[in-house]
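Novice: Please find one structure pasted underneath; my questions will follow.
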Amino acid sequence: MKENKYYSEFSFWIPVGYVFILGLFFTEDSRFTKVLNPDQTDEMKGWIILVILTYYLTGADRVLPIHMHIRVLISTLLFLMGYSNASYIWQTGNCGIVKFFQVMFQTNFMTVILCFCMNRPYQFYYFVPLMSFWICMMYFVMSLPPQVTTQSVDGNVYHYLYLVFFERIFVTRPWKALFVTTDDDIHEWWYQWKLDRYTVVFGMIFAYFVHIAQKYNVFDDGNHGNLFSRKTLFTFSLLALFGIGSYTTFSFFCKNKLNCDEIHSYIVFIPIIGYIILRNISGIIRTKYSTFFAWFGKISLELFICQYHIWLAADRHGVLVLLPGFPTANMIITSFIFI
1 MKENKYYSEF SFWIPVGYVF ILGLFFTEDS RFTKVLNPDQ TDEMKGWIIL VILTYYLTGA
61 DRVLPIHMHI RVLISTLLFL MGYSNASYIW QTGNCGIVKF FQVMFQTNFM TVILCFCMNR
121 PYQFYYFVPL MSFWICMMYF VMSLPPQVTT QSVDGNVYHY LYLVFFERIF VTRPWKALFV
181 TTDDDIHEWW YQWKLDRYTV VFGMIFAYFV HIAQKYNVFD DGNHGNLFSR KTLFTFSLLA
241 LFGIGSYTTF SFFCKNKLNC DEIHSYIVFI PIIGYIILRN ISGIIRTKYS TFFAWFGKIS
301 LELFICQYHI WLAADRHGVL VLLPGFPTAN MIITSFIFI
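Numbering (UniProt numbering) for the sequence shown: 1 to 339.
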């Protein structure tokens, strides 16, 4: 059965609170000390996907400040994708065709299967087309000569100038079928692309700044200590809090969703980098992570895709109901099936 979503403050915030309490309970020491190490990125993706799932399940999108903060979380996933892929190519120089197809297969395999089995257009799973588009962009741009890697800049410092290169590809007719809905409408793809048209690039640029800073010892993340001196740490922490607070203030004062979404694409990097600074600047915080969130982070893409057929119904506008009249029991049962 299907039914409409019924939003209330308690239905959204109580599950979110439970999730974070559980996540903090399973905190352990990480074997990594680097900024945005694998344990930390898995943790970030884990708690982000759980909050996003709660958001879609409870219909919290009708509250504009919540909607804007969820947009930041979705943008963070794309930011991390840009960061991780740029870091990998920067460190290894491997942007060959084999690696490209491996990444595309991992990203699209489940989605393509569901498109055939559930008779859904590719754009129905909007996040996967968005990721695939930017993966194509990254590998295309970074495979063009001159290929800029950590080895090439050692021999020619002018290669740093190429880091500002950004090429944008627009949707054209030959691959239109990949990006339209069942009504042959391309506006959903255009809307999702516009929201995060710079986010992956922000992630790539941030990756280069981090690796350059590590190379020239601007900060030392090779141990369990703080990244900077006490005074610098305090200054960066205040700036990070100010950045996050500024976006939160903007989300409450912005009353028009279209205007909010348009401004979001230009300023989304501020709260993302603010969180990354707070998460990494202290050695004590940087070297710990939640195994609970990290487990979900390892399957975050699969969870994002499968939610449409287990928790949600009616093309994301409703929820699946197994036990009518028992919303809590229904959520527990569907969540058990889902996970």
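Every residue, glycine too, gets a C-beta built ideally from N, C-alpha and C.
Going by the beta-carbon positions, is the gap between Asp196 and Leu303 smaller than 8 Å?
Specialist: Translated into the one-based positions of the sequence shown, residue 196 becomes position 196. Translated into the one-based positions of the sequence shown, residue 303 becomes position 303. No, they are not a contact pair.
Novice: Per DSSP, Glu28 forms a beta bridge with which residues?
Specialist: Counting from one through the sequence shown, the residue named residue 28 turns up at place 28. Its beta-bridge partners are Tyr289.
Novice: Tyr289 and Ile267 - do their beta-carbons sit closer together than 8 Å?
Specialist: On the sequence shown, residue 267 is found 267 positions in, with the first residue counted as 1. On the sequence shown, residue 289 is found 289 positions in, with the first residue counted as 1. Contact flag unset, no.
Novice: Pull up the distance between the alpha-carbon of Asp61 and that of Glu9, whole angstroms please.
Specialist: On the sequence shown, position 61 is the one that residue 61 refers to. On the sequence shown, position 9 is the one that residue 9 refers to. Approximately 12 Å, taken between the alpha carbons.
Novice: Among Leu322, Asp39, Phe12, Val98, which one has its Cα closest to the Cα of Cys136?
Specialist: Along the sequence shown, read from residue 1 onward, the residue named residue 136 stands at position 136. Considering only alpha carbons, the answer is Val98.
Novice: What do you reckon, are the CB atoms on Lys15 and Thr54 nearer than 8 Å?
Specialist: Your numbering for residue 15 matches position 15 in the sequence shown. Your numbering for residue 54 matches position 54 in the sequence shown. A small correction: the amino acid at residue 15 is Pro; Lys does not occupy that position in the sequence shown. Closer than 8 Å, so yes.
Novice: Are the segment 196-210 and the segment 261-277 in contact at 8 Å, needing three or more beta carbon pairs?
Specialist: yes
Novice: Any chance you could list the alpha helix (DSSP H) runs of at least 4 consecutive residues sitting entirely within the segment 52-114, in chain order?
Specialist: 64-92
Novice: To the nearest angstrom, report how far apart Phe140 and Leu301 are at their CA atoms.
Specialist: Numbered from its first residue, the sequence shown carries residue 140 at position 140. Numbered from its first residue, the sequence shown carries residue 301 at position 301. In a straight line, the C-alpha of Phe140 is about 23 Å away from that of Leu301.
Novice: Assuming Phe26 contacts Phe292 (C-beta within less than 8 Å), just tell me the rounded distance between them.
Specialist: To locate residue 26, count along the sequence shown from 1; it is residue 26. To locate residue 292, count along the sequence shown from 1; it is residue 292. The pair is a contact, with the Cβ atoms about 4 Å apart (cut-off 8 Å).
Novice: Could you work out which residue in Asp220, His67, Ser84 is closest to Val51 when comparing CA atoms only?
Specialist: Within the sequence shown, numbered from 1, the residue matching residue 51 stands at position 51. Val51 has its Cα closest to that of His67, out of Asp220, His67, Ser84.
Novice: Thinking Leu233 and Asn226 are a contact (beta carbons under 8 Å), I'd like their distance in whole angstroms, please.
Specialist: Your numbering for residue 233 matches position 233 in the sequence shown. Your numbering for residue 226 matches position 226 in the sequence shown. For Leu233 against Asn226, the beta-carbon gap comes to about 5 Å, under 8 Å, which counts as contact.
Novice: Looking only at C-alpha atoms, which of Phe133, Phe12, Lys257 sits nearest to Val200?
Specialist: For the purposes of this step, residue 200 is taken as residue 200 along the sequence shown, with counting starting at 1. Out of Phe133, Phe12, Lys257, Phe133 has the C-alpha closest to the C-alpha of Val200.
Novice: Can you list, in chain order, the residues of its chain with a C-beta nearer than 7 Å to that of Thr58? Leave out the 5 residues immediately preceding and following it.
Specialist: Taking the first residue of the sequence shown as position 1, residue 58 is located at position 58. Contacts found: Lys5, Tyr7, Ser11, Phe12.
Novice: By how many angstroms is the C-alpha of Gly17 removed from the C-alpha of Lys298?
Specialist: To locate residue 298, count along the sequence shown from 1; it is residue 298. To locate residue 17, count along the sequence shown from 1; it is residue 17. The straight-line gap from Cα to Cα measures roughly 21 Å.
Novice: Nearest to Met110 by CA position, among Ile333, His69, Leu78, Cys306, is which residue?
Specialist: Translated into positions along the sequence shown, residue 110 becomes position 110. Nearest to Met110 by alpha-carbon distance, out of Ile333, His69, Leu78, Cys306, is Cys306.
Novice: In the DSSP assignment, find the unbroken alpha helix (DSSP H) run with Asp261 in it and report its ends.
Specialist: In the sequence shown, counting from the first residue as 1, residue 261 sits at position 261. 257-267 is the extent of the alpha helix (DSSP H) around Asp261.
Novice: Please state the DSSP three-state secondary structure of Phe10.
Specialist: Mapped onto the sequence shown, residue 10 falls at position 10. Phe10 falls in the helix class under three-state DSSP.
Novice: Hey, is Thr76's beta-carbon within less than 8 Å of any beta-carbon in chain D?
Specialist: Absent from the structure: chain D. Only one protein chain is present.
Novice: Which of the three DSSP states, helix, strand or coil, is assigned to His211?
Specialist: Here residue 211 is taken as the residue at index 211 of the sequence shown, counted from 1. In the structure shown, His211 sits in a helix (DSSP, three-state: H, G or I).
Novice: What does the Cβ neighbour count give for Ile49, buried or exposed, with the cut at 16 atoms within 10 Å?
Specialist: Counted from its first residue, the sequence shown places residue 49 at position 49. So Ile49 ends up on the buried side.
Novice: When we look at the beta-carbon of Arg230 and count the other beta-carbons within 10 Å, is it buried (16 or more) or exposed?
Specialist: One-based indexing of the sequence shown puts residue 230 at position 230. Arg230 comes out exposed.
Novice: Are the CB atoms of Thr33 and Asp261 nearer to each other than 8 Å?
Specialist: Residue 33 sits at position 33 when you count from the first residue of the sequence shown. Residue 261 sits at position 261 when you count from the first residue of the sequence shown. Result no, Cβ atoms of Thr33 and Asp261 do not sit closer than 8 Å.
Novice: How far does the alpha helix (DSSP H) with Leu238 in it reach, from first residue to last?
Specialist: If you number the sequence shown from 1, residue 238 lands on position 238. That run of the alpha helix (DSSP H) goes 230-253.
Novice: Measuring only the C-alpha atoms, how far is Gly23 from Thr41?
Specialist: Locating residue 23 in the sequence shown gives position 23, where the first residue counts as 1. Locating residue 41 in the sequence shown gives position 41, where the first residue counts as 1. Computed Cα separation, rounded: 14 Å.
Novice: What is the rounded straight-line gap between the Cα of Leu36 and the Cα of Glu28?
Specialist: Locating residue 36 in the sequence shown gives position 36, counting from the first residue. Locating residue 28 in the sequence shown gives position 28, counting from the first residue. So the alpha carbons of these two residues sit roughly 16 Å apart.
Novice: Measure the alpha-carbon distance for Val63 versus Ile113 and round it to whole angstroms.
Specialist: Stepping through the sequence shown from its first residue, residue 63 is reached at position 63. Stepping through the sequence shown from its first residue, residue 113 is reached at position 113. Whole-angstrom Cα-Cα distance: 34 Å.
Novice: Could you check the C-alpha separation between Leu78 and Lys45 for me, to the nearest Å?
Specialist: Numbered from its first residue, the sequence shown carries residue 78 at position 78. Numbered from its first residue, the sequence shown carries residue 45 at position 45. If I take the Cα positions, the gap works out to 10 Å.
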